[in-house]
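In our numbering, the protein residues as written are 2 to 95. Working notes for the structure below.
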Amino acid sequence: MAQGKIVEYIDQGRFVCTICLQDKGNRLHLLTPSNREVNLSQKRIMLVSDATIDISQTREDLLERLKQKEAKRIRLKEQIDVKDLWELVHDEDE
């Protein structure tokens, strides 16, 4: 069950970080950082968090938690040197 979990999917080439408001079986009802609700097929999901957020919180609190998660993700992304990582992985394949 994905309800209350952070769910990431790709939309127009970008990762979107959302909170699952409802698990409808093969579709998820998600809250996006732009305060929109979307229904998404589970086939499009890239990542589901282990931790669960209490979705009975106010909408503003949910959006704040989502923005905090997104900011942390961006900070972690900035710490990775993709060029060095690629060179390391590429050299191992040869």
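Each residue gets a CB set at the ideal place from its N, CA and C atoms; glycine is no exception.
Just verifying my parser: in three-state terms, what is the DSSP assignment at residue i?
i	result
residue 25	coil
residue 75	helix
Flag this pair as yes or no: are the beta carbons of residue i and residue j separated by less than 9 Å?
i	j	result
residue 22	residue 4	yes
residue 9	residue 48	yes
residue 6	residue 51	yes
residue 18	residue 74	yes
residue 34	residue 88	no
Would you please state the rounded distance, in angstroms, between the beta carbons of residue i and residue j? I believe it to be under 8 Å.
i	j	result
residue 31	residue 20	7 Å
residue 36	residue 64	6 Å
Name, in chain order, the residues that DSSP records as bridge partners for residue i.
i	result
residue 53	6
residue 90	None, per the DSSP bridge assignment.
residue 31	21 and 39
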